[in-house]
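Numbering-wise, the numbering used here comes out as the position in the sequence shown, counting from 1, plus 45.
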Amino acid sequence: MASPSIVGVIFSLVLALKYVALQAEARAFFVFGDSLVDSGNNNYLVTTARADSPPYGIDYPTHRPTGRFSNGLNIPDLISKRIGSESVLPYLNPELRGQRLLNGANFASAGIGILNDTGVQFINIIRMYRQLEYFQEYQRRARALVGVDQTERLVKGALVLITVGGNDFVNNYYLVPYSARSRQFSLPNYVKYLISEYEKLLMKLYKLGARRVLVTGTGPMGCVPAELAMRGTNGGCSAELQRAASLFNPQLVQMLKGLNKKIGNTVFVAANTQQSHLDFISNPQAYGFTTAKTACCGQGPYNGLGLCTAASNLCPNRDLYAFWDAFHPSEKANRLIVEQIYSGTTKYMDPMNLSTIMTLDARA
């Protein structure tokens with residue numbers, strides 16, 4: 046009978062061969078960021094920032110909550126479909142092992158920001174520095190399965206998505222009047238500070254092997270139902286949060302261009318999700334929505350106050366609403382955003398969209 050160590054070696058060899066065979070079909074996918082892209086890591090944490098109870102997931106294939114802050118699929122799910130792979134599992138999911146580990150992983154955690162003091166009210170969340178530590182741990186686990194060279198190829202050939210920054214305004218600078226950060230910085234100086242800290246995180250990601258990184262800007266933060274309910278003026282968006290987005294997003298694009306120039310390659314690609322959102326906020330009917338102001342699930346003005354729970358108002362047709370809850374887009378809105386990521390012009394994707402990336406990388 047074969048010894049356990051020999052069985053382990055054979056298993057690793059089989060996995061390595063399987064990986065080589067699958068490599069041509071689908072690339073690995075890694076996701077970092079906040080609740081817009083969290084696929085369930087916070088289910089495994091003691092935190093209030095979670096989406097693991099109904100009606101979350103009402104339109105997901107299982108019709109059950111998964112930890113996604115959506116009625117159904119989120120942006121990583123839809124990008125996975127576009128690159129021909131299955132949705133990657135949350136890193137904390139115990140099923141992330143073997144071949145599923147080699148598909149990639151989602152490290153995102155609801156409530157986090159660029160800064161470590163963002164989201165302190167949620168207590169136990171996976172802050173960005175920890176997400177990057179988990180990425181290092183992931184690579185150690187992959188090396189144990191398929192070896193050093195295969196792991197390096199897997200990581201360098203992977204697609205990476207990072208979505209972070211909105212919470213640094215909503216759940217930090219503007220969380221309470223006279224917040225610590227608003228006393229420390231004027232808004233323009235706070236944005237400069239965020240951009241400089243974000244640049245450090247992205248360089249760390251590059252040093253850990255990431256070579257194709259989609260970086261989304263913030264959405265139009267002042268126009269989400271929560272802000273309309275709390276800060277909106279005469280039914281309009283919050284001018285102060287819109288100002289924050291209009292300062293942050295252009296500086297993010299310029300910072301990414303600077304990094305690419307420094308590296309000498311197009312590693313970081315900017316996704317203008319603010320524009321994607323603004324399209325259906327300014328003309329919801331053109332995209333099949335009846336409203337881009339009121340959330341499907343919630344309570345209070347615009348269904349924008351408190352959490353989405355089983356006791357909340359719930360719309361019967363989620364496809365008619367641009368927003369699922371007080372902060373997060375509906376699955377239909379996510380589909381529109383990913384469509385622009387995949388095939389949008391340079392108005393939405395700078396310097397190129399995902400379909401162009403896939404064509405270029407297929408030739409490499």
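Beta carbons are placed, not taken as given, at the ideal position from N, Cα and C, and that holds for glycine.
When rounded, the separation of the alpha-carbon atoms in L350 and C282 is 15 Å. When Cβ pairs closer than 8 Å are counted between the two stretches, the region 248-263 is seen to touch the region 194-203, the count reaching three or more.
A290 and I386 do not touch by the CB rule: their CB atoms are close to 18 Å apart, not below 8 Å. Shown here for G156: same chain residues with a beta carbon closer than 6 Å to its own, the five before and five after excluded, namely A94, G164, F167, I170 in chain order. Distances from the CA of S388 to each of A378, T401, Q299 were compared; the closest alpha carbon is that of T401.
Annotation for D213: G158, I159, L160, T163, L239 place their beta carbon closer than 6 Å to its own, counting only its chain and skipping 5 residues before and after.
In the structure shown, C341 adopts coil according to DSSP, grouped into three states. A distance of 9 Å or more separates the beta carbons of S227 and G264. Check the Cα spacing between F293 and each of T318, T278, G117: the tightest is with T318. Every beta strand (DSSP E) stretch that sits fully inside the region 94-155 and reaches 3 residues is listed by chain position as 149-151.
Counting only runs of at least 4 residues, the region 207-283 fully encloses the following alpha helix (DSSP H) elements, listed from N- to C-terminal order: 225-229, 232-252, 270-275. Secondary structure at T336: strand, using DSSP grouped into helix, strand and coil. With contacts defined as CB atoms closer than 9 Å, Q195 and A189 fail to qualify as a contacting pair. Cα atoms of K377 and W369: separation of roughly 9 Å, rounded to the nearest angstrom.
In this structure, M394 sits near V314, with a CB-CB distance shorter than 9 Å. Per DSSP, A409 lies in no beta strand (DSSP E) and is assigned neither H nor E. Residue range 376-388 is occupied by the alpha helix (DSSP H) that includes V383. For A187, the uninterrupted alpha helix (DSSP H) run begins and ends at 173-191, by DSSP.
Between the alpha carbons of M248 and E285 lies a distance of about 30 Å. In terms of Cβ geometry, D83 and R113 form a close pair [threshold 9 Å]. Assignment of beta-bridge partners to G78 by DSSP yields T208.
A straight-line Cα-Cα distance of about 24 Å links R72 and T111. In the three-state scheme derived from DSSP, where H, G and I count as helix and E and B as strand, M403 is classed as helix.
The region 269-280 makes contact with the region 336-355: 3 or more CB pairs, one atom from each, lie closer than 8 Å. Take L359, set aside five residues on each side of it, and the residues of its chain with a beta-carbon closer than 6 Å to its own are P100, C342, in chain order.
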